[in-house]
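Residue numbers (this note's numbering): 66 to 311.
The beta-carbon is built from N, C-alpha and C at its ideal position, and this holds for glycine as well.
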């Protein structure tokens, strides 16, 4: 079975509550690949095995063992949900031992690499793709941002979190595919570009109660907290622009 967001637990209850070591071992292929990815950056890797009430001791130990065999510097079963901080003492010990190991952080590409090079390296070395396919719009943006001198910016890939690839249905370690980039957007103030890989909805990262809700006012107001010295019309304009940017 494959448990993912939006799937009713009743549909997977029997599978989730039945020990299945072969399925756990198969899933560890993805874990091993993620460990490999982090190791590429030259930093220690510690795996926290989050214990669920339906997990058996054999399943938990299998994941811990597979993590170590895949190259993790440490791995611990974590039971914070049931035991609070006490349930993470083993993890804390593993982290302390890992950070004491000599290591040197390294990057996958230099800052002066082109935008295209940065995207290609992430696609092939991290996601395991054979290459990148740009849409016409993505190619237009690529040229635009290069001409504007944005090549110095870092690249943050936007894609599904359910797979190493762009397709949420490709579980495990996807191979023999090309990464589609349908658009590239710029967060100039933050200093990064984010290519959109595959089809997924984008949305603002707003909290349950966005700050602008508490910033509403009427034109008769003189000032509002956080906007000192602004004329009411200027404050209205700021709010309109903030809302439009969403």
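When the Cα atoms are used, residue 133 and residue 145 turn out to be separated by approximately 21 Å. When DSSP reads this structure, residue 258 sits in a beta bridge with 220 and 251. In the structure shown, the three-state DSSP call for residue 99 is helix. Each of 143, 158 and 178 was checked against the Cα of residue 125, and the nearest Cα belongs to 143. Boundaries of the alpha helix (DSSP H) harbouring residue 185: 180-186, taken from the DSSP string.
Scanning the region 132-201 for uninterrupted beta strand (DSSP E) segments of 3 residues or longer gives 139-143 and 197-199, listed from N- to C-terminal end. Per DSSP, residue 236 is not a residue of any alpha helix (DSSP H), being assigned neither H nor E.
The three-state secondary structure of residue 244, taken from DSSP, is strand. Note that the C-beta distance between residue 258 and residue 248 is not below 8 Å. Annotation: residue 202 to residue 190 spans about 24 Å, alpha carbon to alpha carbon.
Around the CB of residue 199, 16 or more other CB atoms lie within 10 Å, so the residue is classed as buried. Residues 191 of the same chain have their beta carbon placed closer than 6 Å to that of residue 102, with the five preceding and five following residues left out of the count. Rounded to whole angstroms, the Cβ separation of residue 246 and residue 197 is 6 Å, and the two are in contact under 8 Å. DSSP links residue 115 through a beta bridge to 143. Cβ-Cβ distances below 6 Å link residue 98 to 238 in the same chain, with the five nearest sequence neighbours on each side left out; the list follows chain order.
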